[in-house]
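Undergrad:
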Amino acid sequence: MSYCILRVALDTPLDSCFDYRWPCEPGAEPAVGQLALVSFGPREVVGLIVGVGHETDVPPGKLKSALAVRSQLPPLSLQWLALAAFAADYYQRPLGEVALPGLPKNLRVPTTVNLDRALKKMDKLDAVHDATPISVPVLNDAQQQAADAIGGASGFTPILLYGVTGSGKTEVYLQACSQVLEREADAQILILVPEINLTPQLEGNIRARFPGVMLATLHSSLSEGERMLHWLAAHQGRARIILGTRLSILASLPQLKLIVIDEEHDPSYKQQEGLRYSARDLAVWRARQLAIPIVLGSATPSLESWHHAGSGRYRKLELRERAVKDAVLPRVRLLDMERDKPKDGLTSHLIAALRQRMERGEQSLLFLNRRGYAPVISCDACGWISECTRCTSHMVLHKPEHRLRCHHCSLEMRIPRHCPTCGNVDLQPLGRGTQRVEEGLQQMFPDARILRIDADSTRRKGSAQAAFDTVHRGEVDILIGTQMVAKGHDFKKLTLVGILNPDTALFSQDYRASERLFAQLMQVAGRAGRAARNEGGSTSEVLVQTRYASHPLYGALVKHDYDRFADSLLDERRGAALPPYMYQALLRAEARELAIAIEFLEAARDVGAVEGITINDPIPMTMTRVHNVDRAQLLVESPSRPALQAFLKEWIVSLREMKSRVKWSLEVDPLDI
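Quick note on numbering: the sequence shown equals residues 31 to 703 in the working numbering.
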């Protein structure tokens, strides 16, 4: 029996692949892209075959044999392997740490039972595809031009679809998809959304439009069995439309012909743990790799995409009017809280507007991006406040649960009966969260149907969709919500949006804060007035409570003037040498003591001096301590992306050779600094 050498990538921090021996006849070697079961230390693990040959540098006495090859699963394509290799190279991670987590968990376990069962289910599925769409609405001229431009695009064509809220971007996506599916018999289309709670509505629209086309969904709320079935449908080319969150960009799609990224500006597309990749950026690279069109849609594009469109790298298509006839953008008014003092967090103008909408049978939305009852409780006698003992953060009051909870480390405790410092029993909540606003509204409007949607009220699986369905059925008068309600939802009867406490973001040290705040406010404002006005119906309105009514950001919001606001931010970024005119990487260090983390970063700074690369001094992170771990960071910058990448490749080798007591990580293109 002759043998071949399998080069296998494993999910391990070690930046190398591993050689294993496998018995095979010449010409019958396993294929690159297949999965193999191997022994690694005391464990049996599944790895990815990335090379097959007959030579190895491993001494014969140390060369292990692979235990099994998963030949029943079609191998991952060379294009998919190239995507994983690019992500590993760009984000400075081992190949195995990128490729293996991109696969369903049930494919990465030693047993083949789950795989065999799933493949049998796939074999029973009807392979007939009918891409004929049904119930296709007529588009307005701007929508039709955009759909034809996308559907008729060929080669690598990055398109920024810039459309105001309610302009019908989803319908443009669907009709462009229809053109691609009808033109190419085996075409697959990937549609990305930023959050899981946006998938049910879009999934329903896709299934209703294309009942004869298999749809696969990929997101973290699926059970492992469901995820594997949907992944296999995509991998085998059976699913022609794949809808998912950021993890779906790493799905195996052998016939991918179009990528659509909805709400492309959303920071949720950036993974914040493990491999800190940007699904949006990987999608653009994947489209270039495959020479296919990609659409980035948003009412408030990221400054990076806006810059690319302005420089001609992206083609810009515009939808300046709402899609529904007679539906207009809501009027935005600023309520000066210095003049109109709020009662229970609401000004008299906002209370009157809520009452008016209730009398008309219309819906209202109060947006407050702060869950819980109050951000903190305090003692007036001695100044004690409810601080987390494990984080540099406050314990948030959750009154219905009678608990204080840290939103960073999840520490919980009962609400103290008296001040732990001085014994004062009169402890007061400071500030307002969604729970407190809900309580105040129930007292103001005892007959109103009030619903709160946030991470606390939608913890159970399916509860978020059930809550949104209640709103869509018109069974809610006043909706209170966090960013969960700010985008993607089409509430037909909603004519009033009240925005509470947006001012805190104006003074953030994060240079992206104003960009994010404006996008968030524009998105939530866009929930109002999406349907045509009925005779006698009120004009849709957005009321923003603020103490800084003269701030330029609010001035641009009143005018719905994203263009000028984005251009002004780009001018600021250019003058300050910030992205997209500068490329960055962030080295983070964690230790039991802050001094240890700082010491490591100082040593890292000293070994990395290179001309053309700016290495800033290490500083504590804004949230310095989380779960009893102190954190610090060091920012690296360069005006050249290739120069930064070349530096990082050399630097990370030096970092791995440094002996230290810290846990460190490197993030390329960080969003939070």
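The C-beta atom is built at its ideal place from N, Cα and C for all residues, glycine as well.
In or out: Leu-108 buried (at least 16 other Cβ within 10 Å) or exposed?
TA: exposed
Undergrad: Who are the near neighbours of Thr-451 in its chain, counting only those whose CB is closer than 6 angstroms to its CB and skipping five residues on each side?
TA: Cys-412, Trp-414
Undergrad: Ignore the nearest five residues each way along the sequence and tell me which others in Asp-706's own chain have a CB closer than 6 angstroms to its CB.
TA: This structure gives no information on residue 706, because the portion of the chain shown stretches from 31 to 703.
Undergrad: Less than 8 angstroms between C-beta atoms, sequence neighbours within five positions excluded: which residues of the same chain meet that for Val-194?
TA: Ala-329, Leu-349, Arg-350, Glu-351, Arg-352, Leu-359, Gly-556, His-590
Undergrad: Look up Pro-53 in the DSSP assignment and give the residues it is bridged to.
TA: Tyr-33
Undergrad: Using only CA atoms, which one of Gly-585, Gln-663, Met-651, Val-314 lies nearest to Phe-116?
TA: Taking only the C-alpha atoms, the option nearest Phe-116 is Val-314.
Undergrad: If we count Cβ pairs, one from each stretch, closer than 8 angstroms, do we get three or more for the segment 490-500 versus the segment 533-543?
TA: no
Undergrad: Between the Cα of Pro-648 and those of Ala-615, Gly-642, Val-656, spot the shortest distance and give me the residue it belongs to.
TA: Ala-615
Undergrad: Who are Cys-82's beta bridge partners in DSSP?
TA: One detail in the question is off: residue 82 reads as Val in this sequence, not Cys. Looking at the DSSP assignment, Val-82 forms a beta bridge with Leu-36.
Undergrad: Ends of the alpha helix (DSSP H) at Cys-452?
TA: The continuous stretches of alpha helix (DSSP H) do not include Cys-452, and DSSP gives it neither H nor E.
Undergrad: Can you grab the Cα-Cα spacing for the pair Phe-122 / His-379, in whole Å?
TA: First, the amino acid is wrong: residue 122 is Gln here, not Phe. Cα-Cα distance, rounded: 53 angstroms.
Undergrad: Quick one: residues in its chain with C-beta nearer than 7 angstroms to the C-beta of Glu-565, no 5 flanking neighbours on either side, listed in chain order?
TA: Low confidence applies to Glu-565: its pLDDT is 42, below 50, so where it sits in the model is not reliable, and the reading given next is rough at best. Contacts found: none.
Undergrad: Do you know whose CA, among Ala-627, Pro-284, Met-688, lies nearest Arg-316's CA?
TA: Pro-284
Undergrad: Would you identify the three-state DSSP class for Pro-230, choosing helix, strand or coil?
TA: Here Pro-230 sits in helix by DSSP.
Undergrad: Pick from Leu-364, Ser-695, Lys-679: whose alpha carbon is nearest that of Phe-630?
TA: Ser-695
Undergrad: I'd like the list of long-range same chain contacts for Ile-164, defined as Cβ closer than 7 angstroms, with 5 residues on each side in sequence excluded.
TA: Arg-239, Pro-241
Undergrad: With respect to the alpha helix (DSSP H) encompassing Cys-207, which residues constitute its N-terminal and C-terminal limits?
TA: Element bounds for Cys-207: 199-213.
Undergrad: Since Leu-434 is in the beta strand (DSSP E), which residue starts that stretch and which ends it?
TA: 433-435
Undergrad: Just to confirm my understanding: we take Thr-162, look at its own chain, exclude 5 residues before and 5 after, and list those with CB closer than 7 angstroms. What are they?
TA: Gly-242
Undergrad: Are there three or more Cβ pairs, one per stretch, closer than 8 angstroms when the segment 287-300 is compared with the segment 169-178?
TA: No, the segment 287-300 is not in contact with the segment 169-178.
Undergrad: Whose C-alpha, out of Ser-416, Arg-213, Thr-86, Leu-106, is nearest the C-alpha of Arg-447?
TA: Minimum Cα distance to Arg-447 is reached at Ser-416.
Undergrad: Pair every Cβ in the segment 661-669 with every Cβ in the segment 637-644, then say whether three or more of these pairs are closer than 8 angstroms.
TA: yes
Undergrad: For Pro-60, which residues from the same chain have a beta carbon less than 8 angstroms from its beta carbon, with the 5 sequence-adjacent residues on both sides left out?
TA: Cys-34, Leu-36, Trp-52, Cys-54, Ala-66, Ile-79, Val-82, Val-99, Ser-101
Undergrad: Which of the three DSSP states, helix, strand or coil, is assigned to Ser-184?
TA: coil
Undergrad: Just to confirm my understanding: we take Ile-289, look at its own chain, exclude 5 residues before and 5 after, and list those with CB closer than 6 angstroms. What are they?
TA: Only residues of its own chain outside the window of five on either side were considered, and among them Leu-220, Ala-313, Ala-317, Ile-324 have a CB closer than 6 angstroms to the CB of Ile-289, listed in chain order.
Undergrad: Alpha helix (DSSP H) containing His-265: first to last residue?
TA: 254-265
Undergrad: When you compare the CB positions of Glu-571 and Leu-509, do they come within less than 8 angstroms of one another, or not?
TA: no
Undergrad: Please go through the segment 535-593 and give each complete alpha helix (DSSP H) segment of 4 or more residues, from N-terminal end onward.
TA: 543-555, 582-588
Undergrad: Closer than 8 angstroms by C-beta to Met-653: which residues in its own chain qualify, once you throw out the five before and the five after it? Chain order, please.
TA: Residues of the same chain with a CB within less than 8 angstroms of the CB of Met-653, apart from the 5 flanking positions on each side, are Cys-421, Thr-422, Ser-423, His-438, Arg-661 in chain order.
Undergrad: For a test of the three-state rule: what should DSSP assign to Phe-116, helix, strand or coil?
TA: helix
Undergrad: Rounding to the nearest angstrom, what Cα-Cα distance links Leu-427 and Ile-445 in this structure?
TA: 8 angstroms
Undergrad: So who's on the other strand from Asp-366, going by DSSP bridges?
TA: Thr-576
Undergrad: Assuming Ile-510 is part of the beta strand (DSSP E), what are its boundary residues?
TA: 508-511
Undergrad: With C-beta atoms as the reference, is Pro-672 less than 8 angstroms away from His-337?
TA: no
Undergrad: Mark Val-692 as exposed unless 16 or more other C-beta atoms lie within 10 angstroms of its C-beta, in which case mark it buried.
TA: buried
Undergrad: My output table needs one value for Phe-595: the three-state DSSP class, helix, strand or coil.
TA: In the structure shown, Phe-595 sits in a helix (DSSP, three-state: H, G or I).
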